[in-house]
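**Q** The structure is given below, and queries will be raised subsequently.
There are 2 protein chains.
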Amino acid sequence: MKISCTKEQLNHAVQTVQKALATKTPMPILTGIYLSAFDEKLELQATNYEIGISCIIEATIEEPGTVVISGRYFQELVRKLPGEMIEISSSLEDRTIQITSNQAQFNLLSLPAEEFPVLKKPTSDTVINVKDNILRELIKKTVFACSTDESRPIFTGGLLEINQHEVNMVATNTHRLAIKKDHLGHNTDSIKMIIPAKILNELARIMISDVPMDVTIYCQKNQVSFAFDNIYIISRLIEGQFPDYNKVIPPSFATTITIDTHAFMDAVERVSLLARDGDYNIIKLAFKNDCVIITSNNPDIGKACETVTTIVQGNEVEIAFNAKYVTDILKNISSEQLVFSLNTPLSPASIKPIDDETYNYIITPVRTN
Amino acid sequence: MKISCTKEQLNHAVQTVQKALATKTPMPILTGIYLSAFDEKLELQATNYEIGISCIIEATIEEPGTVVISGRYFQELVRKLPGEMIEISSSLEDRTIQITSNQAQFNLLSLPAEEFPVLKKPTSDTVINVKDNILRELIKKTVFACSTDESRPIFTGGLLEINQHEVNMVATNTHRLAIKKDHLGHNTDSIKMIIPAKILNELARIMISDVPMDVTIYCQKNQVSFAFDNIYIISRLIEGQFPDYNKVIPPSFATTITIDTHAFMDAVERVSLLARDGDYNIIKLAFKNDCVIITSNNPDIGKACETVTTIVQGNEVEIAFNAKYVTDILKNISSEQLVFSLNTPLSPASIKPIDDETYNYIITPVRTN
Chain F
4 MKISCTKEQL NHAVQTVQKA LATKTPMPIL TGIYLSAFDE KLELQATNYE IGISCIIEAT
64 IEEPGTVVIS GRYFQELVRK LPGEMIEISS SLEDRTIQIT SNQAQFNLLS LPAEEFPVLK
124 KPTSDTVINV KDNILRELIK KTVFACSTDE SRPIFTGGLL EINQHEVNMV ATNTHRLAIK
184 KDHLGHNTDS IKMIIPAKIL NELARIMISD VPMDVTIYCQ KNQVSFAFDN IYIISRLIEG
244 QFPDYNKVIP PSFATTITID THAFMDAVER VSLLARDGDY NIIKLAFKND CVIITSNNPD
304 IGKACETVTT IVQGNEVEIA FNAKYVTDIL KNISSEQLVF SLNTPLSPAS IKPIDDETYN
364 YIITPVRTN
Chain Z
4 MKISCTKEQL NHAVQTVQKA LATKTPMPIL TGIYLSAFDE KLELQATNYE IGISCIIEAT
64 IEEPGTVVIS GRYFQELVRK LPGEMIEISS SLEDRTIQIT SNQAQFNLLS LPAEEFPVLK
124 KPTSDTVINV KDNILRELIK KTVFACSTDE SRPIFTGGLL EINQHEVNMV ATNTHRLAIK
184 KDHLGHNTDS IKMIIPAKIL NELARIMISD VPMDVTIYCQ KNQVSFAFDN IYIISRLIEG
244 QFPDYNKVIP PSFATTITID THAFMDAVER VSLLARDGDY NIIKLAFKND CVIITSNNPD
304 IGKACETVTT IVQGNEVEIA FNAKYVTDIL KNISSEQLVF SLNTPLSPAS IKPIDDETYN
364 YIITPVRTN
């Protein structure tokens with residue numbers, strides 16, 4: 004192989020695929036980036052079998068071929084190379100890869116390219132197009148609610164559900180649940196799949212176009228692929244049945260509170276300062292006629308009490324939550340005011356933006372004495 | 004105690020003293036910030052016996068008194084409080100401290116104030132004034148060369164040496180040595196003391212005035228105090244005899260190279276990418292007639308080679324260094340060109356800015372085969 008390309012494009016491609024590199028693995032080949040040069044294109048791939056990412060850039064190909072380079076060193080090196088152009092060539096004799104840019108010359112040992120589990124360009128009978136800005140928003144508003152407990156894998160991923168022209172994403176760790184809905188603008192096949200949270204986060208990180216662009220979703224048996232621009236990402240799916248989340252949403256509420264999002268968030272964050280240690284991560288909310296009193300009490304540190312003005316419709320109620328589950332949603336609500344709906348101190352509550360029926364967050368209270 | 008003050012001033016004071024808080028200590032009182040309110044002033048203190056910091060701010064004192072508050076929670080809380088003004092009052096009955104700002108009210112458990120080892124305002128027969136910008140530069144240019152090996156404490160500090168109107172700071176870990184010199188502009192007492200690197204770093208962090216201001220140094224038996232603005236910092240000194248650093252500086256050099264600082268630094272950083280793993284942190288420099296060739300060789304990863312144009316006066320020479328010791332000084336040289344002076348592959352070399360005789364860095368080469 005002998006090629007040249009711009010540093011800018013190569014660096015973009017390396018940064019894109021590097022998140023699929025394996026770190027701790029008994030298979031060294033998975034710590035490498037696969038480079039394949041054919042037809043004036045250079046394709047980079049990385050995979051750890053959980054996620055695979057491919058990115059294709061333009062290159063001048065003097066000799067086509069494939070090589071695998073240690074991902075860790077290649078990514079640091081490419082970022083720091085001095086010139087605008089980078090030349091890469093491989094020598095079969097000593098299994099090294101020469102990387103040259105201006106006065107800098109590096110010879111990295113190569114990994115055996117024939118061992119690399121090359122990703123195949125996705126194809127499928129079920130193909131769905133979604134705009135990247137919609138997909139990004141669905142992920143951002145829900146993925147934080149996933150569980151990190153690997154013993155119950157179904158909750159470590161987000162449910163992507165497409166039905167005709169509706170698209171939903173749902174995530175839960177069984178103590179809180181986030182739902183975000185949107186419209187595709189066209190009818191399409193129906194799908195339902197649970198995608199690992201890690202991969203949703205990567206996807207949202209990589210989809211950063213200024214202008215909305217199409218993402219093509221290829222649904223296969225136990226994997227899904229997202230293709231856009233010059234990139235495709237292949238992810239395994241989480242198997243199992245996602246619980247019926249509609250059952251979790253209370254059909255009605257006895258108390259509905261309208262509250263300033265920022266004032267509430269700042270107060271909750273301060274009160275939770277004293278709620279974080281050890282087993283104590285609990286804040287209490289007392290919804291009164293025209294205000295909510297937020298308190299925490301940590302016998303080893305002290306007490307906190309804040310009052311925020313609200314509009315309360317319905318019964319006064321006192322309720323306790325895990326402070327983190329409250330701040331998590333408050334960070335994701337972009338409207339100036341939010342609606343907090345409750346029934347009893349032991350039944351699930353709902354937090355949603357005041358002006359957005361497509362976003363909902365269900366949170367289970369904590370029992371206190 | 005009952006006082007009120009601005010959040011801005013209190014936050015500044017807390018951030019200033021908090022670096023002297025003990026973290027791991029068998030004495031809980033040292034994890035607290037001592038507040039003392041008298042004569043329209045609020046003084047904050049923290050100490051871990053290694054370093055003590057005091058900061059005085061204006062306050063409205065309704066009831067004078069002293070309290071000690073858990074440093075960890077107080078600093079986070081003060082930063083996040085909602086109002087411009089903060090009220091602090093203590094209740095003797097339940098040993099709590101009430102902190103109020105707008106609608107926020109916190110009750111923190113207090114620590115027993117009578118146990119706090121109160122810092123005394125420094126006095127001394129030997130008093131020296133230095134401008135803070137001079138002191139900051141002396142520290143910044145040398146402190147990185149200190150050792151972190153506590154088994155040889157003398158090298159974990161910087162030597163501050165004042166002799167008539169000259170002021171020097173010197174730091175070494177025995178493999179490299181940094182010297183920075185300056186002038187006081189006035190004659191003063193002579194002193195020689197070794198100050199722990201940690202405390203020098205804190206001092207440089209706290210002295211951030213825009214306009215040069217006087218720092219008063221009080222030299223006591225086994226401690227030193229720095230007073231400026233509304234702050235004083237007390238540090239223990241490291242006991243022992245600092246080696247005669249003048250003996251380490253070679254009197255003459257067989258080869259002198261002038262080189263572009265940035266081009267050299269970038270090349271060294273890239274080449275050292277492949278030199279960092281495990282025992283390998285070695286780069287080789289081959290000074291030729293009109294260039295330096297920088298190389299590294301890591302059998303597990305690969306090889307690097309860079310060429311940078313130089314002006315070489317004297318013999319051609321090949322020499323090897325610990326890559327980190329070279330990059331450390333290159334980051335601290337602000338002139339566009341530097342002078343690299345050498346004798347043989349096994350004798351100490353010097354790196355200094357081209358236009359600054361007050362700064363010098365001596366580095367011992369590494370023996371290679």
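Line by line, the protein sequences are chains F and Z. Those letters in the first sequence? Residues 4 to 372, by my numbering. Those letters in the second sequence? Residues 4 to 372, by my numbering. Just so it is clear, CB atoms sit at the ideal spot from N, CA and C, and this is done for glycine as well.
So, at 7 Å on beta carbons, what are the nonlocal neighbours of residue 65 (chain Z) in its own chain, with the 5 sequence-adjacent residues on each side left out?
**A** 5, 6
**Q** Run the CB neighbour count on residue 214 (chain F), radius 10 Å, all protein chains shown included, and call it buried at 16 or more, exposed below.
**A** exposed
**Q** Kindly say whether residue 95 (chain Z), judged by its beta-carbon, lies nearer than 8 Å to any beta-carbon of chain F.
**A** no
**Q** Give a yes or no on whether the C-beta atoms belonging to residue 231 (chain F) and residue 217 (chain F) are separated by under 8 Å.
**A** yes
**Q** Alpha carbon to alpha carbon, how far is residue 81 (chain Z) from residue 47 (chain Z)?
**A** 13 Å
**Q** Buried or exposed, going by whether 16 or more other CB atoms sit within 10 Å of the CB of residue 190 (chain F)?
**A** exposed
**Q** What does residue 76 (chain F) touch in chain Z if you count any residue whose Cβ is under 8 Å from its own?
**A** 276, 277, 304, 305
**Q** Can you list, in chain order, the residues of the stretch 105-116 of chain Z whose Cβ is nearer than 7 Å to any Cβ on chain F?
**A** If the cut-off is 7 Å between Cβ atoms, the stretch 105-116 of chain Z has 106, 107, 108, 109, 110, 111, 112 near chain F.
**Q** Using beta carbons (cut-off 8 Å, strictly below), is residue 313 (chain F) in contact with chain Z?
**A** no
**Q** Answer yes if the stretch 178-187 of chain F comes into contact with the stretch 353-371 of chain F, meaning at least three C-beta pairs across the two stretches below 8 Å, and no otherwise.
**A** yes
**Q** Can you tell me which of the three DSSP states residue 52 (chain Z) falls into?
**A** coil
**Q** Have a look at the DSSP bridge pairing and note the partners of residue 47 (chain F).
**A** Residue 47 (chain F) pairs with F:38, F:58.
**Q** Applying the 10 Å Cβ sphere with the 16-neighbour rule, what's the burial state of residue 337 (chain F)?
**A** Burial call: exposed.
**Q** In the stretch 187-220 of chain F, which residue ranges form an unbroken alpha helix (DSSP H) of at least 4 residues, counting only runs that do not cross its ends?
**A** Taking only runs of at least 4 residues, the alpha helix (DSSP H) segments lying wholly in the stretch 187-220 of chain F are 200-209.
**Q** Would the stretch 250-258 of chain Z count as touching the stretch 293-308 of chain Z if we require 3 or more Cβ pairs under 8 Å?
**A** No, because fewer than three Cβ pairs between the stretch 250-258 of chain Z and the stretch 293-308 of chain Z fall closer than 8 Å, the two stretches do not touch.
**Q** Roughly how many angstroms lie between the CA atoms of residue 78 (chain Z) and residue 159 (chain F), to the nearest whole one?
**A** 35 Å
**Q** Is it true that the CB of residue 321 (chain F) sits closer than 8 Å to the CB of residue 273 (chain F)?
**A** Taking 8 Å as the Cβ cut-off, residue 273 (chain F) and residue 321 (chain F) do not qualify as a contacting pair.
**Q** Of all the residues that make up the stretch 250-273 of chain F, which are near chain Z by a beta-carbon distance shorter than 9 Å?
**A** 266, 269, 270, 272, 273
**Q** If distances are taken between C-alpha atoms only, which option among F:235, F:250, F:209 comes closest to residue 221 (chain F)?
**A** When only C-alpha atoms are compared, the closest one is F:235.
**Q** Grouping DSSP H, G and I as helix and E and B as strand, with all else coil, what is residue 111 (chain Z)?
**A** strand
**Q** Looking at C-beta atoms only, is the number of pairs between the stretch 199-206 of chain Z and the stretch 141-161 of chain Z that lie closer than 8 Å three or more?
**A** yes
**Q** For a quick check, are the C-beta atoms of residue 32 (chain Z) and residue 118 (chain Z) less than 8 Å apart?
**A** yes
**Q** Who pairs with residue 355 (chain Z) in a beta bridge, going by DSSP?
**A** Z:342
**Q** Give a yes or no on whether the C-beta atoms belonging to residue 56 (chain F) and residue 25 (chain F) are separated by under 8 Å.
**A** No, Cβ-Cβ distance for residue 56 (chain F) and residue 25 (chain F) is not below 8 Å.
**Q** For residue 305 (chain Z), does the count of other Cβ atoms within 10 angstroms reach 16, so buried, or fall short, so exposed?
**A** buried
**Q** Identify the contact partners of residue 85 (chain F) in chain Z, using a Cβ-Cβ distance below 9 Å as the criterion.
**A** 266, 269, 270, 273, 309
**Q** Could you spell out where the alpha helix (DSSP H) holding residue 306 (chain F) opens and where it closes?
**A** Here residue 306 (chain F) belongs to no alpha helix (DSSP H); instead the beta strand (DSSP E) covers 305-317.
**Q** Could you give the first and the last residue of the continuous alpha helix (DSSP H) run that contains residue 137 (chain F)?
**A** 135-143 is the extent of the alpha helix (DSSP H) around residue 137 (chain F).
**Q** Relative to the alpha-carbon of residue 329 (chain Z), which residue among Z:348, Z:111, Z:97, Z:148 has its alpha-carbon at the smallest distance?
**A** Comparing alpha-carbon positions, the option among Z:348, Z:111, Z:97, Z:148 lying closest to residue 329 (chain Z) turns out to be Z:148.
**Q** Return no unless some Cβ of chain Z is closer than 8 Å to the Cβ of residue 127 (chain F).
**A** no
**Q** Just the chain Z side, please: which residues come within less than 7 Å of residue 99 (chain F) by C-beta, in chain order?
**A** 305
**Q** Kindly give me the distance between the Cβ atoms of residue 333 (chain Z) and residue 307 (chain Z), rounded to whole angstroms, as I take these residues to be in contact under 8 Å.
**A** Contact flag wrong, Cβ pair sits at about 17 Å.
**Q** State the Cα-Cα distance for the pair residue 49 (chain Z) and residue 76 (chain Z), rounded to the nearest angstrom.
**A** Approximately 14 Å, taken between the alpha carbons.
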